[in-house]
Amino acid sequence: MKIERIDLFQADLPYSGGIYTLSGGREFHAFDASIVRMETACGLEGWGESTPFGSSYIAAHALGVRAGIAEIAPHLIGEDPRQVERLYDVMDTVLAGHLHARTALDVAAWDILGKATALPCWMLLGGSTGRRMPVMSSIPADTPERMRQNVSRHRDRGYRGHSVKIGALDREGGPALDAARIEASLADRQPGEFYLVDANGGLTPETALRLLTLLPTGLDFVLEAPCASWRETLSLRSRCRVPVILDELMQADTDLAQAIALDACDGIGLKISKAGGLTPGRRQRDMARAAGLTLSVQDTVGSTIAFAAIAHLGQTVPERHLRCILDCRDMVTTQLAEFEAPVADGGVLAPDAPGLGLTVNRAELGDPVASWT
């Protein structure tokens, strides 16, 4: 079985809430998605997606994704997509770094592998726990009361995890505003809910410590990506009274190895496109589990295609280690595929269909922006 054709599509994904606000005054109205269709000579096709969270979240952006795919794709023609590790070796040889550019290609190969074997990707990734995975909302920084209302709306829809964004500059209200946001978001906390308070690297050790002193004791949350650098994070880690989760600093396998060696965190946000696809995502899952770290399986953002990869990888993480998965379908108004995984009975269960189990809406995608044969 050989790869015969690769098509690259572009799609705009408007944010469902209008404006998404992160620390440092970063605002996002829409996200630029790159979608890959990989076809074999025997007619099997696989789909993958890479959608960066703008250009100021990590060192990734949509034009870079498509430029990276253009570098890699010609070298994959004629390769066997079922040999996912060998395919990744080719990508390693062709382009250094740029993990976000590899993701859509890697996920598409996994989709083909599943279809070729008539097995769902979760089976090939290690097997399903059989447990519904709690889904996590993404609550942008806002006024404390509006954030409380946003959490409540997601709770009513069955969400049991909530990623609450903070990181106000001093001129915006600083640690006092962030403390009020946290208290408001957790005010109606229900048994079994999980809260990540996510600064997206927007705090310094000083502002983080000031924030923590303003909070009452007994609030049950973890602090995600508090600082932008390793030095700041390790400095805060030694003085922090709540669990620390790494996200933006934890991208390649080597970053996770360093985090484990330095005891820099208690858990990770494993984002598939940040890791470079399902192949390295599988490795990072196993490294984190071996080190006793908890995981939230996510992606930077994306359509239903990205969510399908999240659901399949998340389905393989033991309940003890899995906190929640991100339902990025909720974050955007444009959906590019059908994927039978509704939020019900406290969470999501990935389907049994071969591969990712997607039905892609080709009309929504339009014509490819580039193709390789």
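Residue numbers (this note's numbering): 337 to 709. Quick reminder that beta carbons are idealized off the backbone N, C-alpha and C, glycines included. Please read these numbers as outputs of a predicted model, since none were measured by experiment.
> How should Ala504 be labelled, buried or exposed, when 16 other C-beta atoms within 10 angstroms of its C-beta is the threshold for buried?
Replying inline: On the sequence shown, position 168 is the one that residue 504 refers to. With 16 or more Cβ atoms within 10 Å of its Cβ, Ala504 is classed as buried.
> In this structure, what does DSSP give as the bridge partners for Trp708?
Replying inline: The residue you call residue 708 lines up with position 372 of the sequence shown. Paired residues: Ile342.
> To which residues of the same chain is His657 closer than 6 angstroms at the C-beta, ignoring the five residues directly before and after it?
Replying inline: Along the sequence shown, read from residue 1 onward, the residue named residue 657 stands at position 321. Answer for His657: Arg625, Thr630, Leu631, listed in chain order.
> Would you say Arg496 and Gly528 are within 7 angstroms of each other, going by their C-beta atoms?
Replying inline: For the purposes of this step, residue 496 is taken as residue 160 along the sequence shown, with counting starting at 1. For the purposes of this step, residue 528 is taken as residue 192 along the sequence shown, with counting starting at 1. It is a contact, given that the beta carbons lie within the stated cut-off.
>> Rounded to whole angstroms, what is the Cα-Cα separation between Gly617 and Gly404?
In response: Taking the first residue of the sequence shown as 1, we reach residue 617 at position 281. Taking the first residue of the sequence shown as 1, we reach residue 404 at position 68. Their Cα atoms are separated by approximately 19 angstroms.
> In its own chain, which residues sit with a C-beta less than 6 angstroms from the C-beta of Ile394, not counting the 5 before and 5 after it?
Replying inline: For this step, residue 394 is matched to residue 58 along the sequence shown. Answer for Ile394: Glu584, listed in chain order.
>> Tell me the DSSP secondary structure of Arg575 in three-state form.
In response: Your numbering for residue 575 matches position 239 in the sequence shown. DSSP places Arg575 in coil when its eight states are reduced to three.
> According to DSSP, what are the bridge partners of Gly691?
Replying inline: As a working mapping, residue 691 is identified with position 355 in the sequence shown. Its beta-bridge partners are Pro456.
> According to the neighbour-count rule (16 or more other Cβ atoms, all chains shown, within 10 Å of its Cβ), is Cys664 buried or exposed?
Replying inline: Taking the first residue of the sequence shown as position 1, residue 664 is located at position 328. When all chains shown are included, Cys664 counts as buried.
>> Comparing C-alpha positions only, which one of Ala561, Asp591, Ile355, Leu344 sits nearest to Glu375?
In response: Numbered from its first residue, the sequence shown carries residue 375 at position 39. Minimum Cα distance to Glu375 is reached at Leu344.
>> If you measure between the beta carbons of Val372 and Gly384, is that distance less than 7 angstroms?
In response: Taking the sequence shown and counting its residues from 1, the one referred to as residue 372 is at position 36. Taking the sequence shown and counting its residues from 1, the one referred to as residue 384 is at position 48. Yes, they are a contact pair.
>> Within a Cβ cutoff of 6 angstroms, which residues of the same chain sit near Asp514, ignoring the five residues on either side of it in sequence?
In response: The residue you call residue 514 lines up with position 178 of the sequence shown. Answer for Asp514: Ile502, Ala504, Leu547, listed in chain order.
> Does the pairing of the stretch 686-706 with the stretch 443-451 give three or more beta-carbon distances under 8 angstroms?
Replying inline: yes
>> Can you confirm whether Thr376, when its beta carbon is compared against all beta carbons of chain D, has any partner nearer than 7 angstroms?
In response: You won't find chain D in this structure, because it holds only one protein chain.
>> Helix, strand or coil for Ala403? Go by DSSP, reduced to three states.
In response: Here residue 403 refers to the residue found at position 67 when the sequence shown is read from its first residue. Here Ala403 sits in helix by DSSP.
>> My output table needs one value for Val426: the three-state DSSP class, helix, strand or coil.
In response: Counting from one through the sequence shown, the residue named residue 426 turns up at place 90. If DSSP states are grouped into helix, strand and coil, Val426 belongs with the helices.
> Where does Ser359 fall in DSSP's three states?
Replying inline: Reading the sequence shown from its first residue, position 23 is the one you call residue 359. In this structure, Ser359 counts as helix in the three-state DSSP scheme.
> Do you know how far the Cα of Ala677 is from the Cα of Glu560?
Replying inline: As a working mapping, residue 560 is identified with position 224 in the sequence shown. As a working mapping, residue 677 is identified with position 341 in the sequence shown. So the alpha carbons of these two residues sit roughly 27 angstroms apart.
> Closest to Leu545 by CA distance: which of Glu381, Cys563, Tyr531, Leu532 is it?
Replying inline: Within the sequence shown, numbered from 1, the residue matching residue 545 stands at position 209. Nearest of Glu381, Cys563, Tyr531, Leu532 to Leu545, Cα basis: Cys563.
> Residue range of the alpha helix (DSSP H) that Thr549 falls in?
Replying inline: As a working mapping, residue 549 is identified with position 213 in the sequence shown. Residues 541-550.
> Alpha carbon to alpha carbon, what distance is there between Ala409 and Arg489?
Replying inline: In the sequence shown, the residue the question calls residue 489 occupies position 153. In the sequence shown, the residue the question calls residue 409 occupies position 73. Each residue's alpha carbon lies about 42 angstroms from the other.
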